[in-house]
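Per the working numbering, the very first residue in the sequence shown carries number 1; after that it's consecutive.
Every residue gets a Cβ at the ideal spot worked out from N, C-alpha and C, and that includes glycine.
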Amino acid sequence: MNKIKRASLTFSMLSLSIIGLNLLSLPQEKLKAVSPPPKSSTLPLSRLQPEVIKKFLDHQDIKSAIIHVERGWKQQYEEYLQGKLPSNKVLEVEKISQILSGINQRVGKKSALIYAVPTPNHLELILVLPDKPPIHKRITAAKKEVLISLVSKFRTDIVNPDSQRSEYLSSGKKIHQLLIAPLESELQAQGINNLIFCLGTGLRGVPLAAIYDGKKFLVEKYSLAIIPAFNLLDFQPTNITQTQVLAMGASEFENKQPLPAVPLELSNIKRNKWLGKSLLNQEFTLANLKKERALYPFGIVHLATHAEFSPGSVKESYIQFWDSQVSLDELKSLGLDSPPVQLLVLSACRTALGNPQAELGFAGLAVQSGAKAALASLWSVDDGGTLALMSQFYQKLRANPIKSEALRQAQIAMLKQQVSLKNNAAIRGSSSLPVQVVALLDSQELSHPYYWSGFTLIGNPW
Numbered sequence: 001m002n003k004i005k006r007a008s009l010t011f012s013m014l015s016l017s018i019i020g021l022n023l024l025s026l027p028q029e030k031l032k033a034v035s036p037p038p039k040s041s042t043l044p045l046s047r048l049q050p051e052v053i054k055k056f057l058d059h060q061d062i063k064s065a066i067i068h069v070e071r072g073w074k075q076q077y078e079e080y081l082q083g084k085l086p087s088n089k090v091l092e093v094e095k096i097s098q099i100l101s102g103i104n105q106r107v108g109k110k111s112a113l114i115y116a117v118p119t120p121n122h123l124e125l126i127l128v129l130p131d132k133p134p135i136h137k138r139i140t141a142a143k144k145e146v147l148i149s150l151v152s153k154f155r156t157d158i159v160n161p162d163s164q165r166s167e168y169l170s171s172g173k174k175i176h177q178l179l180i181a182p183l184e185s186e187l188q189a190q191g192i193n194n195l196i197f198c199l200g201t202g203l204r205g206v207p208l209a210a211i212y213d214g215k216k217f218l219v220e221k222y223s224l225a226i227i228p229a230f231n232l233l234d235f236q237p238t239n240i241t242q243t244q245v246l247a248m249g250a251s252e253f254e255n256k257q258p259l260p261a262v263p264l265e266l267s268n269i270k271r272n273k274w275l276g277k278s279l280l281n282q283e284f285t286l287a288n289l290k291k292e293r294a295l296y297p298f299g300i301v302h303l304a305t306h307a308e309f310s311p312g313s314v315k316e317s318y319i320q321f322w323d324s325q326v327s328l329d330e331l332k333s334l335g336l337d338s339p340p341v342q343l344l345v346l347s348a349c350r351t352a353l354g355n356p357q358a359e360l361g362f363a364g365l366a367v368q369s370g371a372k373a374a375l376a377s378l379w380s381v382d383d384g385g386t387l388a389l390m391s392q393f394y395q396k397l398r399a400n401p402i403k404s405e406a407l408r409q410a411q412i413a414m415l416k417q418q419v420s421l422k423n424n425a426a427i428r429g430s431s432s433l434p435v436q437v438v439a440l441l442d443s444q445e446l447s448h449p450y451y452w453s454g455f456t457l458i459g460n461p462w
């Protein structure tokens, strides 16, 4: 089958006194070395130092370890994005736990936060539960070199839609044993059903939904989201069903592959009972986006177009409009933070496989754009597969306004082979769709994680 590819974030009293002065001064001579802007060919440096994290955790000072992680990764994102991120607050672990508890009571989902910090010699896992003390696990079998190799193999198996089930299940199970299994008993004991991941370098591009425990995919047990840091999260829940959708996109381009399913993708949003406006091809301009948002504060902005999270400088990553490209460092010009967009959807994007800078751009998308959350894909997905996933997502989101849960339900529908549009007259009768796209939508291929597991919620999952 010819496939249409979519080019588609207390080790001693002495240590306590140092923290009291300023954690960021640990140690000063090393911190000064990370001040200059990083070269585009290298990963931005971080104040997060494995030896400091290890000392905190060796002395069961999880509180200080989390503060160090949050500040270190915030600095790394700022250096990559070449600007200050909006939050200067530092929430201690007790406050994070209380916030999770309060949100759980309001939205009816029980969330937990997982920090996964790769180091040269092991993986540090920290689990923050609602109204419970945090839990730390050190995974000595997960040396960074080993972990990066496993993640690369896992993604390689999944991004090939012709790969055998045994291949991606095997690599997905190995990731589960290192990243999830050490915490699973606590997750089950506390009735957790929503996982928020704060991930370090090498893990930000993991297709979490397809991690496999030997019986089920992770998405079958939990709704999932990733965040760059909890202190950067706008964690206030809102009812997304009360907003409207500004759906924009292009089906044809001068120098890029066409996306023939885009017109149908945009019209399907309205078909799923969402109010809003749709702009296609020549109308899909940055000026029109700003104009429409000035006339009405659309809470969902859906962009069906090519987008790239590329290696190197932040300027190399972009979103393609009809008349121009908007680089990642120019996202603020979209005005999505005034008023804040509840959800930015990039339905046709891709992230360079295994590249740290590209993964930083992906994981930081919501914060950089000013949106409370973003939905984007880690790799190129076939036009028909994206059409199916997005149609399911907006249908589920209408019935269940928790963004991470709506995505979960859409992914499960594809996994369970419940997505077949063979009886959908609007699609089968669409003369604009190539026959191979329609055939894909009627096949069982959509159950392969290539088609659904790359779609990732970034930022506020509620």
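Item to complete: Per DSSP, which residues does Phe-197 bridge with? Please list them.
Response: Position 197 of the sequence shown, counting from 1, holds the residue named residue 197. The secondary-structure analysis by DSSP pairs Phe-197 across a beta bridge with Ile-114 and Ile-226.
Fill in: Three-state secondary structure (DSSP) of Pro-37
Taking the sequence shown and counting its residues from 1, one reaches residue 37 at position 37. Note that Pro-37 has pLDDT 39, beneath the 50 cutoff, so the model's placement of it is unreliable and the number below is only indicative. In this structure, DSSP gives Pro-37 a state outside helix and strand, which the three-state scheme calls coil.
Worksheet item: If you scan the stretch 265 to 350 from start to end, which runs of the beta strand (DSSP E) of 3 or more residues do you find wholly inside it?
Response: Taking only runs of at least 3 residues, the beta strand (DSSP E) segments lying wholly in the stretch 265 to 350 are 276 to 280, 300 to 304, 307 to 309, 318 to 320, 325 to 327 and 343 to 346.
Worksheet entry | Rounded straight-line distance, which links the Cα of Ser-377 to that of Val-419 | Numbered from 1 along the sequence shown, position 419 holds the residue referred to as residue 419. Numbered from 1 along the sequence shown, position 377 holds the residue referred to as residue 377. So the alpha carbons of these two residues sit roughly 19 angstroms apart.
Practice prompt. Taking 9 angstroms as the cut-off, decide whether the C-beta atoms of Ile-180 and Thr-119 are in contact.
Written response: Numbered from 1 along the sequence shown, position 180 holds the residue referred to as residue 180. Numbered from 1 along the sequence shown, position 119 holds the residue referred to as residue 119. Their beta carbons are not under 9 angstroms apart, which means Ile-180 does not touch Thr-119 by this criterion.
Worksheet item: When burial is assigned at 16 or more other CB atoms within 10 Å of the CB, is Asp-162 buried or exposed?
Response: The sequence position of residue 162 within the sequence shown is 162, counting from 1. With fewer than 16 other Cβ atoms within 10 Å, it is exposed.
Practice prompt. Express the C-alpha separation of Ala-304 and Leu-346 in angstroms, rounding to a whole number.
Written response: Position 346 of the sequence shown, counted from the first residue, corresponds to residue 346. Position 304 of the sequence shown, counted from the first residue, corresponds to residue 304. Each residue's alpha carbon lies about 6 angstroms from the other.
Item to complete: With a threshold of 16 other CB atoms inside 10 Å of the CB of Leu-100, please say whether the residue is buried or exposed.
Response: As a position in the sequence shown, residue 100 is number 100, starting the count at 1. Buried, by the Cβ-count rule.
Practice prompt. Go ahead and pull the three-state DSSP assignment for Arg-138.
Written response: Within the sequence shown, numbered from 1, the residue matching residue 138 stands at position 138. DSSP places Arg-138 in strand when its eight states are reduced to three.
Item to complete: Would you check if the distance between the CB atom of Ile-192 and the CB atom of Trp-462 is smaller than 9 angstroms?
Response: Position 192 of the sequence shown, counted from the start, is the residue given in the question as residue 192. Position 462 of the sequence shown, counted from the start, is the residue given in the question as residue 462. The answer is no: Cβ separation not under 9 angstroms.
Discussion item. For Glu-220, report the span of its beta strand (DSSP E) as first-last.
Written reply: Position 220 of the sequence shown, counting from 1, holds the residue named residue 220. Neither: Glu-220 is in no beta strand (DSSP E) and is coded neither H nor E.
Worksheet entry | Neighbourhood of Leu-48 by C-beta, 7 angstroms cutoff - its chain only, sequence neighbours within 5 removed | Against the sequence shown, residue 48 aligns to sequence position 48. Only His-68, Val-69, Gly-72 and Trp-73 meet the Cβ criterion.
Fill in: Classification of Leu-187 by the beta-carbon crowding that lies within 10 angstroms, buried from 16 upward
Your numbering for residue 187 matches position 187 in the sequence shown. Classification for Leu-187: buried.
Item to complete: Note down the Cα distance separating Gly-172 from Pro-86, rounded to an integer number of angstroms.
Response: What you label residue 172 is simply residue 172 of the sequence shown in a count that begins at 1. What you label residue 86 is simply residue 86 of the sequence shown in a count that begins at 1. Each residue's alpha carbon lies about 35 angstroms from the other.
Fill in: Same chain only: Cβ atoms within 8 angstroms of Lys-481, ignoring 5 sequence neighbours per side
The first residue shown for the chain is 1 and the last is 462, placing residue 481 beyond what the model contains.
Item to complete: Please work out which residues of its chain come closer than 7 angstroms, Cβ to Cβ, to Asp-337, disregarding the five sequence neighbours upstream and downstream, and give them in chain order.
Response: As a working note, residue 337 is residue 337 in the sequence shown. Taken in chain order, the residues that qualify are Gly-370.
Discussion item. For a test of your reading of the model: does the CB of Ile-458 fall under 8 angstroms from any non-hydrogen atom of the ligand ADP? Yes or no.
Written reply: Only the bare structure without any ligand can be found here, which leaves the ligand ADP out of the picture.
Discussion item. For Asp-382, count the other beta carbons within 10 Å of its own beta carbon; 16 or more makes it buried, fewer makes it exposed. Which is it?
Written reply: Along the sequence shown, one-based indexing puts residue 382 at 382. The C-beta of Asp-382 has 16 or more other C-beta atoms within 10 Å across all chains shown, which makes the residue buried.
Worksheet entry | Whole-Å CB distance - Leu-446 paired with Ala-406, under 8 angstroms assumed | Translated into positions along the sequence shown, residue 446 becomes position 446. Translated into positions along the sequence shown, residue 406 becomes position 406. Contact doesn't hold; Cβ gap of about 18 angstroms is too wide.
Fill in: Coarse secondary structure for Glu-124, derived from DSSP in three states
Position 124 of the sequence shown, counted from the first residue, corresponds to residue 124. In this structure, Glu-124 counts as strand in the three-state DSSP scheme.
Worksheet item: How is Leu-457 classed by DSSP in three states: helix, strand or coil?
Response: Working through the sequence shown from its first residue, we reach residue 457 at position 457. The answer is strand: DSSP assigns Leu-457 an E or B state.
Fill in: Proximity of Leu-199 and His-136 at Cβ, strictly below 9 angstroms
Residue 199 sits at position 199 when you count from the first residue of the sequence shown. Residue 136 sits at position 136 when you count from the first residue of the sequence shown. Result no, Cβ atoms of Leu-199 and His-136 do not sit closer than 9 angstroms.
Worksheet item: In chain order, what residues of the same chain lie with their CB nearer than 8 angstroms to the CB of Lys-273, ignoring the 5 residues before and after it?
Response: For the purposes of this step, residue 273 is identified with residue 273 of the sequence shown, where counting begins at 1. Excluding residues within five positions, the ones whose Cβ falls inside 8 angstroms are Arg-398.
Worksheet item: With DSSP run on the structure shown, which of helix, strand or coil describes Gly-370?
Response: One-based indexing of the sequence shown puts residue 370 at position 370. Assignment of Gly-370 by DSSP, reduced to helix, strand and coil, places it in the coil class.
Worksheet item: Excluding the five sequence neighbours on either side, which residues of its own chain have a C-beta within less than 6 angstroms of the C-beta of Gly-262, listed in chain order?
Response: Along the sequence shown, one-based indexing puts residue 262 at 262. One detail in the question is off: residue 262 reads as Val in this sequence, not Gly. The residues are Gly-249, Ser-251 and Ala-304.
Worksheet item: Given that a residue counts as buried once 16 or more other Cβ atoms are within 10 Å of its Cβ, and exposed if not, what is Asn-160?
Response: To locate residue 160, count along the sequence shown from 1; it is residue 160. It counts as exposed.
Worksheet item: If you drop the 5 nearest sequence neighbours on each side, which residues of the same chain put their C-beta closer than 7 angstroms to that of Tyr-212?
Response: Position 212 of the sequence shown, counted from the first residue, corresponds to residue 212. Leaving aside the five residues that flank Tyr-212 on each side, the residues in its chain whose CB is nearer than 7 angstroms to its CB run, in chain order, Leu-169, Gly-172, Lys-173 and His-176.
Discussion item. How far does the alpha helix (DSSP H) with Gly-172 in it extend, from its first residue to its last?
Written reply: Within the sequence shown, numbered from 1, the residue matching residue 172 stands at position 172. For Gly-172, the enclosing alpha helix (DSSP H) has its first and last residue at 165 to 179.
Worksheet item: Which residue spans inside the stretch 355 to 418 form an unbroken alpha helix (DSSP H) run of at least 4?
Response: Qualifying alpha helix (DSSP H) stretches, in chain order: 356 to 363, 365 to 369, 383 to 399 and 403 to 415.
Worksheet item: Along the chain, where does the beta strand (DSSP E) that runs through Leu-246 open and close?
Response: As a working note, residue 246 is residue 246 in the sequence shown. Leu-246 -> beta strand (DSSP E) spans 245 to 249.
Worksheet item: Assuming Arg-293 contacts Gly-354 under a Cβ cut-off of 8 angstroms, what Cβ separation, rounded to an integer in Å, is found between them?
Response: Here residue 293 refers to the residue found at position 293 of the sequence shown. Here residue 354 refers to the residue found at position 354 of the sequence shown. Wrong, their Cβ atoms sit about 35 angstroms apart, outside the cutoff.
Item to complete: Pick helix, strand or coil for Asn-2, following the three-state DSSP scheme.
Response: Taking the sequence shown and counting its residues from 1, the one referred to as residue 2 is at position 2. Reliability of the predicted coordinates at Asn-2 is poor, the pLDDT of 42 falling under 50, and the value obtained from them is presented with this limitation in mind. In the structure shown, Asn-2 adopts coil according to DSSP, grouped into three states.
Worksheet item: Helix, strand or coil: which one does DSSP assign to Tyr-80?
Response: Here residue 80 corresponds to residue number 80 of the sequence shown, with the count starting at 1. Looking at Tyr-80 - three-state DSSP - the assignment turns out to be helix.
Worksheet item: Where DSSP assigns a beta bridge to Tyr-212, which residues make up the other side?
Response: The residue given as residue 212 occupies position 212 in the sequence shown. Tyr-212 is bridged by DSSP to Phe-217.
Worksheet item: What are the boundary residues of the alpha helix (DSSP H) that Phe-56 is part of?
Response: As a working note, residue 56 is residue 56 in the sequence shown. Counting along the chain, the alpha helix (DSSP H) containing Phe-56 begins and ends at 50 to 58.
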